[in-house]
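With this note's numbering applied, the sequence shown corresponds to residues 958 to 1155, in that order. Note that beta-carbon positions come from the ideal geometry of N, C-alpha and C, so glycine has one too. A quick write-up on the structure given underneath.
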Amino acid sequence: MRNLNLRVGRVLRASTRGFTIGCAVMQPDIPAFGSFVRADGTAPRSAIYGLIYDVSVEDDPFVRQFISANPPEEVVRDQRENRQVPIEVSVLAVGCADGEHIRHCLPAQPPVTLDWLYQCDEAEVRAFTARFDYFRLVLEAREAPADELLAASLRFAAAARPEEERERFLIGAGRELSRLLSGDPLRLEGLLRRLRNP
């Protein structure tokens, strides 16, 4: 179900491994590192899922001049609230959907420039994280801080579940991580520690 109130921004550039979107204004908690997001796919009723792994406030020549003038706080607040701040959000692609069927894989095609990116609601996060197949895509990502990103995404996924299901979900995730990282106990220990200490 598409909720237009959860728009994050529009796609600036894209590839099958991920994409970058532009935001005009930073809304509270949107975008947040590790959040699950969705873009429309090129086919009808298709979608591309991703995780936000970087939020960057771009260089702005006006701000450089503004800072050197040492403006009063109320003027700074007005500039933050009423001026369009150039923000870029980078997303790692971790899955796609064709209708109701979700697959944890890279999409066949990236989203199109200027398409909207949406923040996933709790039901979408629960559906996407019902399986842990996307872990490998995150763990092998070179462009993102993989371990931090995976831990943050799991905290979001746990929070999207009823309180009585959260511990069981995280234990299942820990077991899958133990299987995937059995040859790298130090990395596994670091990831499990990140899950215990948000």
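8 Å Cβ cutoff met for residue i and residue j
i            : j            : result
residue 1014 : residue 988  : no
residue 1071 : residue 1050 : no
residue 991  : residue 1106 : yes
residue 1074 : residue 968  : yes
residue 1033 : residue 994  : no
residue 996  : residue 1054 : no
residue 1087 : residue 1096 : no
residue 1026 : residue 1089 : no
residue 1157 : residue 1076 : Given a span of 958 to 1155 for the chain in the structure shown, any question on residue 1157 remains unanswerable.
Residues near residue i by beta carbon distance below 7 Å, same chain, minus five either side
i            : result
residue 1052 : 1006, 1059, 1060, 1061, 1062, 1085 and 1091
residue 999  : 1066 and 1069
Boundaries of the beta strand (DSSP E) in which residue i is found, first to last residue
i            : result
residue 976  : 975 to 980
residue 1047 : 1044 to 1055
Residue i, buried or exposed, once every other Cβ within 10 Å from all chains shown has been counted against 16
i            : result
residue 1081 : buried
residue 1134 : buried
residue 934  : No answer is possible for residue 934: the residues shown for the chain start at 958 and end at 1155.
Residues near residue i in its chain [Cβ-Cβ closer than 8 Å; skip 5 each side]
i            : result
residue 1127 : 1111, 1115 and 1152
Residue closest to residue i, alpha-carbon to alpha-carbon, out of the options
i            : options                  : result
residue 1008 : 974, 1132 and 1124       : 974
residue 1079 : 1002, 1011 and 1117      : 1117
residue 976  : 963, 1046, 1124 and 1027 : 1046
residue 1108 : 1125, 1057 and 1150      : 1150
residue 1101 : 1012, 979 and 1139       : 1012
Any non-hydrogen atom of the ligand ADP closer than 7 Å to residue i Cβ
i            : result
residue 1061 : Among the components modelled here there is no ligand, and therefore nothing to report on the ligand ADP.
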